[in-house]
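Written out below as structure tokens is the structure these notes cover.
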Amino acid sequence: MEKRTSVPARVFAAATLILALVVAIAVVGGALGGGSDHRGHHKHASGQASAKPKKTPATYVVQSGDTLVAIAHQTGVSVVRIEALNPQVDPQILIAGETLKLR
128 MEKRTSVPAR
138 VFAAATLILA
148 LVVAIAVVGG
158 ALGGGSDHRG
168 HHKHASGQAS
178 AKPKKTPATY
188 VVQSGDTLVA
198 IAHQTGVSVV
208 RIEALNPQVD
218 PQILIAGETL
228 KLR
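Each step along the sequence shown adds one to the number in my numbering, with nothing skipped, and position 100 is 227.
Structural data, given as structure tokens:
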């Protein structure tokens with residue numbers, strides 16, 4: 128006796144497989160960043176946010192919730208440099224309103 132399979136069942140299975148593949152690609156792409164930085168601005172193909180270099184401000188006023196790492200990313204000044212220029216500042220306890228030297 129010959130078994131017969133339904134054509135709609137085969138089409139449904141193929142469509143489900145394709146949909147699962149698309150969802151998996153979207154999840155992996157989202158997890159890897161998807162080509163944008165944490166502020167939602169898209170990066171250029173070279174990986175740089177802008178073509179012209181940023182001018183480093185002389186100081187930075189600490190905002191509530193800031194960390195040295197976040198300040199370093201935002202200003203382009205390394206954490207080590209910020210710590211060296213501000214030896215009186217405890218990097219574990221940044222106080223909102225305090226001014227940090229950046230150059």
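Here a beta-carbon is modelled for each residue, glycine too, at the ideal position from N, C-alpha and C. If you're wondering where the values come from, they're calculated on a predicted model, not measured in any experiment.
How would you label residue i, buried or exposed, when you count the other beta carbons within 10 angstroms and need 16 or more for buried?
i              : result
leucine 221    : buried
isoleucine 209 : buried
valine 204     : buried
leucine 146    : exposed
Can you tell me which of the options puts its alpha carbon nearest to the alpha carbon of residue i?
i             : options                        : result
glutamine 201 : Lys182, Val149, Val154         : Lys182
valine 196    : Thr186, Val188, Val207         : Val207
threonine 226 : Gln215, Thr186, Asp193, Ser191 : Thr186
glycine 224   : Ile198, Gln190, Val155         : Gln190
glutamine 219 : Val150, Arg131, Thr194         : Thr194
With DSSP run on the structure shown, which of helix, strand or coil describes residue i?
i             : result
threonine 194 : coil
valine 149    : helix
valine 207    : helix
threonine 183 : coil
valine 188    : strand
leucine 227   : strand
leucine 212   : helix
histidine 165 : Unreliable placement is indicated for histidine 165, whose pLDDT of 48 sits below 50; no coordinate value is reported for it.
Are residue i and residue j closer than 8 Å when you measure CB to CB?
i           : j           : result
proline 184 : leucine 148 : no
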